[in-house]
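There are 2 protein chains.
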Amino acid sequence: MNKTSALEHLKSKGYKYTDKREDILSYFEKENGYRSARELLENMRERYTGISFDTIYRNLHLFVDLDILESTILEGEKHFRIKCDSKHHHHFICLQCGDTREIRTCPMKDVEKELQDFAIEDHKFEIYGRCSTCKSA
Amino acid sequence: MNKTSALEHLKSKGYKYTDKREDILSYFEKENGYRSARELLENMRERYTGISFDTIYRNLHLFVDLDILESTILEGEKHFRIKCDSKHHHHFICLQCGDTREIRTCPMKDVEKELQDFAIEDHKFEIYGRCSTCKSA
DNA sequence: AATCAAATCGGAATCATTCTTATTTACAAA
DNA sequence: TTTGTAAATAAGAATGATTCCGATTTGATT
Chain A
908 MNKTSALEHL
918 KSKGYKYTDK
928 REDILSYFEK
938 ENGYRSAREL
948 LENMRERYTG
958 ISFDTIYRNL
968 HLFVDLDILE
978 STILEGEKHF
988 RIKCDSKHHH
998 HFICLQCGDT
1008 REIRTCPMKD
1018 VEKELQDFAI
1028 EDHKFEIYGR
1038 CSTCKSA
Chain B
908 MNKTSALEHL
918 KSKGYKYTDK
928 REDILSYFEK
938 ENGYRSAREL
948 LENMRERYTG
958 ISFDTIYRNL
968 HLFVDLDILE
978 STILEGEKHF
988 RIKCDSKHHH
998 HFICLQCGDT
1008 REIRTCPMKD
1018 VEKELQDFAI
1028 EDHKFEIYGR
1038 CSTCKSA
């Protein structure tokens, strides 16, 4: 997912273009990992001094609903990243900086046999730790 | 983990016996899944009308630290279950009732090769859905 | 330019959780 | 058995993330 196709997607669904929406998308496009609402807010305030929590949260959730962003909870706080283009995969997540690394392994194939009588709706496989940069710092 | 060995573990670490601690352990021993602090509180209030949030949370976190309980976040809220006895494994979790089913598959072996330069500290593999009971209800 | 729904602002409200202070209790030592 | 003391608890205030609400502004259509 990138900013251009996200903006097209928004437009096609009848949502309006706003400079703040473009700005949020720019932010996540250039970040390589999970960022909190607060991190986004602080970044946005440099350009929009009066921006409100409501705008941040409303758009974050809209973007998650539209599959433009994906989210996870890190240390009790929701974090967001731009949705990856590549096909189904999982992430290593650095607990210090939030940056991610794709993991191609997905264990669900093996697991489905074990769960015949259950209705599987979702799954989460995440690996946590320190990336090489944070590890040596 | 069961109530008896949990109480012994508490004692051996110098923590005191209290009827509320025993009660919390009884609750989780008889439940087969993840329960929220609020669910525990409501259950405890039937016997201890004046019990405080603080007692609930303090003990839940103590028990997690002592490996008596394990926790995860479901729909934005921390949930707890008694630590399983069997060796390392993961869970299917019913999003409706919180009950769990053991999954023997763990994908970490395959993944470690992919992450040579990262310091792996933890991982989470959970499958979400409806258990057979909730599915048909 | 006029219209109108969508988007935003500002701040109050909510919800889970944590903290603080005073009081009570378990347990060990006398 | 009484006493001393640190641990545990109660009650409620405080916090932090998130959501809600009424009023205002703005984007896009007419």
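These protein sequence lines map, in sequence, to chains A and B.
With this note's numbering applied, the first sequence corresponds to residues 908 to 1044, in that order.
With this note's numbering applied, the second sequence corresponds to residues 908 to 1044, in that order.
In this text, a Cβ means the ideal position worked out from N, Cα and C, and glycines have one as well.
*Taking I975(B) as the reference, give the member of N966(B), L981(B), G983(B) with the closest Cα.*
N966(B)
*Step through the CB atoms of chain B and report whether any lies within less than 7 Å of the CB of D972(A).*
no
*Under 7 Å by beta carbon: chain B residues contacting C1038(A)*: F1025
*Beta-bridge pairing of G1099(A) - partner residues as DSSP gives them*: A question about residue 1099(A) goes unanswered here, because the residues of chain A that appear run from 908 up to 1044.
*Identify, in the order they occur along the chain, each residue of the same chain with its Cβ nearer than 8 Å to the Cβ of K910(B), setting aside the five sequence neighbours on each side.*
E929, L932, S933, E936
*Select from F970(A), S943(A), R988(A), L948(A) the residue whose C-alpha is nearest the C-alpha of E1009(A).*
R988(A)
*Which stretch, first to last residue, makes up the beta strand (DSSP E) that contains T1007(B)?*
1007-1010
*Provide the residue(s) that pair with H986(B) in DSSP beta bridges, ordered along the chain.*
S943(B), T979(B)
*State the DSSP-derived secondary structure class of L973(B), mapped to helix, strand or coil.*
coil
*asked:* Short of 6 Å in beta carbon distance, which residues of its chain neighbour K985(B), apart from the five on each side in sequence? Order them along the chain.
replied: S978
*Beta-carbon spacing of Y955(B), L1002(B) below 7 Å*: no
*Consider the C-beta atom of K918(A) and the heavy atoms of the ligand HEM; say whether any pair is separated by less than 6 Å.*
This structure simply doesn't include the ligand HEM, nor any ligand for that matter.
*If you draw a straight line from the alpha carbon of L912(B) to that of S912(A), how long is it in whole angstroms?*
For the sequence presented, residue 912(B) should be read as Ser rather than Leu. Spanning the two alpha carbons is a distance of roughly 57 Å.
*May I ask you to report which of helix, strand or coil DSSP gives C1013(B)?*
coil
_Buried or exposed, going by whether 16 or more other CB atoms sit within 10 Å of the CB of C1038(B)?_
buried
_Below 8 Å on the Cβ atoms is my contact criterion, and I expect N939(A) with D1006(A) to pass it. Report the Cβ-Cβ distance as a whole number of Å._
5 Å
*Which residue from A1026(B), L948(B), Y924(B) puts its Cα closest to that of A1044(A)?*
A1026(B)
_Under 8 Å by beta carbon: chain A residues contacting D1029(B)_ = I1034, Y1035, G1036
*Test: F999(B) CB closer than 7 Å to a CB of chain A*: yes
*Which residues, in order along the segment 1004-1018 of chain A, keep a beta-carbon less than 8 Å from a beta-carbon of chain B?*
R1008, I1010, R1011, T1012, C1013, P1014, M1015, D1017, V1018
*Counting contacts by CB-CB distance shorter than 7 Å, is K1042(B) in contact with chain A?*
yes
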